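To keep things clear, I will list the structure first and then write my remarks on it.
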Amino acid sequence: MKKILVILEQDQEDQYALERAVLMAEKLRARVHVLICCYQELSWLNNVFGMMENIHIKEKIIEQKELWWQDYAKPYINTVLISHEIIWSKYFVDSILEHCQTHEYNFYVKRGHRSETLFYTPSDWLLLRKSQIPSYIVVEKERKGAGAILLALDFLASSTEKQQLNKKLLEFSRDFADKMAMELHCCFAISPPKVLSDTGFIDPEEYAQKSTALAKETAGVLLEPYQITEQHQHIKIGSSDKVITGLAQKINAGVIIIGSMGKSAMSGKVIGNTCEQVLHISKKDVLVLGL
3 MKKILVILEQ DQEDQYALER AVLMAEKLRA RVHVLICCYQ ELSWLNNVFG MMENIHIKEK
63 IIEQKELWWQ DYAKPYINTV LISHEIIWSK YFVDSILEHC QTHEYNFYVK RGHRSETLFY
123 TPSDWLLLRK SQIPSYIVVE KERKGAGAIL LALDFLASST EKQQLNKKLL EFSRDFADKM
183 AMELHCCFAI SPPKVLSDTG FIDPEEYAQK STALAKETAG VLLEPYQITE QHQHIKIGSS
243 DKVITGLAQK INAGVIIIGS MGKSAMSGKV IGNTCEQVLH ISKKDVLVLG L
């Protein structure tokens with residue numbers, strides 16, 4: 003891993019994202035590049051000032067943001083190699099995606115938000131759904147004594163796409179855990195389909211037992227090449243988001259790594275896929291890999 007992107011939004015006061023990126027860069031021997039998102043609506047000034055004056059105001063705002071950055075970055079000057087740039091864009095998500103298309107990063111780091119509503123998709127969700135590089139969302143302030151990584155997998159994956167995602171997650175997580183000197187745990191949640199159990203077509207307990215046995219068998223074969231011991235393989239009954247976040251708390255994971263198939267239709271906004279459900283309630287950082 004060679005380069006980590008940090009996304010700082012306008013007027014972001016906390017340093018959690020930059021701090022986390024620097025700590026990872028030190029262990030991964032990577033560089034850090036910071037994108038500082040900056041924008042101020044100036045169209046209302048057109049009736050008061052001329053265009054040249056508006057340009058001058060914009061330059062002043064960017065200059066102030068540069069001074070802000072110099073003070074913001076002081077604690078990290080002598081840690082790893084850090085570069086930065088300020089982007090002026092009303093639609094900064096699009097600007098970030100365009101930036102990533104012309105630069106190579108191993109993943110980006112961004113502070114998470116809890117501002118989602120049914121008809122408003124915040125920047126976290128937009129980036130998660132559209133980003134071509136892994137997304138590291140910083141959720142918690144501190145990670146006291148965190149020495150583990152929790153990887154969420156699908157041990158009953160039947161489609162080619164989900165099997166490919168499993169492999170991608172394992173390869174990334176094994177390498178990441180080794181470089182970060184952290185233990186790698188894997189988990190899988192089994193949730194009997196409610197619509198079937200309600201209609202009496204299946205017995206939930208029988209379904210859970212058979213699914214657990216099959217998942218354990220699959221896990222043994224799937225995880226063997228990645229040297230993940232049986233003690234670090236967790237198969238639980240329950241909803242995926244609660245199983246994953248609960249187990250992360252139990253093993254004191256520093257980060258949850260999870261895959262995303264990248265829903266972007268209205269159903270994705272209303273229902274949400276597993277990684278978004280985890281982000282809703284997680285008290286741990288979440289690293290999302292898309293297929």
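Heads up, the numbering used here is the position in the sequence shown plus 2, with the first residue counted as 1. Glycine included, every Cβ here is placed at the ideal spot set by N, Cα and C. Quick caveat: nothing in here was measured; it's all calculated off a predicted structure.
- Query: Between Gln134 and Gly292, is the Cβ-Cβ spacing less than 9 Å?
  - Reply: Judged by their CB atoms, Gln134 and Gly292 are nearer to each other than the 9 Å cut-off.
- Express the C-alpha separation of Asn108 and Ser85 in angstroms, rounding to a whole number. 16 Å
- Item | Every unbroken alpha helix (DSSP H) inside the stretch 71-150 [4 residues or more] | 94-103 and 125-132
- Query: Per DSSP, what kind of secondary structure is Gly292 in: helix, strand or coil?
  - Reply: strand
- Message: Please state the DSSP three-state secondary structure of Phe157.
- Response: Correct three-state label for Phe157: coil.
- Message: Quick check on the burial criterion: 16 or more other C-beta atoms within 10 angstroms. Buried or exposed for Ala255?
- Response: Ala255 should be labelled buried.
- Message: Tyr18 and Arg113 - do their beta-carbons sit closer together than 9 Å?
- Response: yes
- Message: Quick check: what's the CA-CA separation for Gln42 versus Asp73?
- Response: For Gln42 and Asp73, the distance between alpha carbons rounds to 21 Å.
- Message: Taking a contact to mean a Cβ-Cβ separation below 9 Å, would you say Ser91 touches Tyr110 in this structure?
- Response: By the CB criterion at 9 Å, Ser91 and Tyr110 fall outside the cutoff.
- Check the C-beta distance from Lys4 over to Ala32 and give it rounded, since I have them as a contact under 8 Å. Right, the Cβ-Cβ distance comes to about 5 Å (below 8 Å), so this counts as a contact.
- Query: Excluding sequence positions up to five away, which residues of its chain have a Cβ less than 7 Å from the Cβ of Arg295?
  - Reply: In the structure displayed, the chain extends from 3 to 293; residue 295 sits before or after that span and is not available.
- Item | Rounded straight-line distance, which links the Cα of Asp287 to that of Asp82 | It should be noted that the sequence gives Val, not Asp, for residue 82. Val82 and Asp287: Cα-Cα distance of roughly 21 Å.
- Message: So, under 8 Å CB-CB, Phe178 and Ile151 are touching, yes? Tell me the CB distance rounded to an integer number of Å.
- Response: 7 Å
- Query: Where do the ends of the alpha helix (DSSP H) carrying Arg176 lie?
  - Reply: Thr162 to Met182 is the span of the alpha helix (DSSP H), which, as asked, contains Arg176.
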